[in-house]
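Asks: Numbers 11 to 135, taken from my numbering, label the letters of the sequence shown in order.
Here a beta-carbon is modelled for each residue, glycine too, at the ideal position from N, C-alpha and C.
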Amino acid sequence: MRIIAAVLLSMLMFGACAEQKSDMSAEVKEVNFADLSFEEQHASIVSDTETAKKGLAAKGEYSCCVMPPCNWCLINDKHCNCATHLTKGESVCGECGQSWAIGRGILAGVEAEDVKWGPDNVHSH
Ligand SMILES: [Zn+2]
Ligand SMILES: [Zn+2]
């Protein structure tokens with residue numbers, strides 16, 4: 011949603027100095043996500059998920075056990091506790107489980123074959 015936020019921000023900025031710069035308001039272009047090409051939508055989604063995860067991580071709400079961090083927990087749980095679950099010997103989300111299987115685990119002392127995860131992507135909270 012970064013594009014929309016940028017548009018809103020520039021609209022606000024133009025609004026604040028509308029008297030002097032009313033001629034420039036014609037240059038403010040609405041960008042609807044639905045009107046973007048798939049490649050542009052994809053780039054926006056990837057970039058936005060990274061931004062969202064970084065924001066959650068800064069608040070201590072994205073504690074993932076793999077690198078790059080999973081997307082499953084972001085979409086389905088709005089946070090990631092996979093590292094905590096793993097430390098307690100509990101299951102992790104399916105994406106984290108798969109990531110461990112291909113060598114992307116980042117928790118020291120954990121072996122990929124010991125990581126519990128299910129094909130249904132469900133993990134305990
Ligand atoms: Zn995760
Ligand atoms: Zn996860």
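Under 8 Å by Cβ, that's how I've got Val-8 and Ser-101 pegged, so tell me the actual separation to the nearest angstrom.
Replies: Since the first residue of the chain shown is 11 and the last is 135, residue 8 is not available in this structure.
Asks: What does DSSP give as the partner residue(s) for Trp-127 in the beta ladder?
Replies: Working through the sequence shown from its first residue, we reach residue 127 at position 117. Looking at the DSSP assignment, Trp-127 forms a beta bridge with Val-102.
Asks: Residue range of the alpha helix (DSSP H) that Ile-112 falls in?
Replies: Within the sequence shown, residue 112 is the residue found at index 102, counting from 1. Segment: none, Ile-112 is in no alpha helix (DSSP H) and carries neither H nor E.
Asks: Just verifying my parser: in three-state terms, what is the DSSP assignment at Val-17?
Replies: The residue labelled residue 17 in the question sits at position 7 within the sequence shown. Bear in mind that a pLDDT of 49 at Val-17, under 50, signals an unreliable position, so the model cannot answer this.
Asks: Does the beta-carbon of Pro-78, which I'm using as the reference point, lie nearer than 6 Å to any heavy atom of ligand 1?
Replies: Within the sequence shown, residue 78 is the residue found at index 68, counting from 1. The answer is no for Pro-78.
Asks: DSSP beta-bridge partners for Asp-90?
Replies: On the sequence shown, position 80 is the one that residue 90 refers to. For clarity, residue 90 is Cys in the given sequence; the question names Asp instead. Its beta-bridge partners are Tyr-72.
Asks: What residues sit near ligand 2, counting only those whose C-beta is closer than 7 Å to one of its heavy atoms, in chain order?
Replies: Result (chain order): Cys-74, Cys-80, Trp-82, Cys-83, Cys-90, Cys-92, Val-102, Cys-103, Glu-105 and Cys-106.
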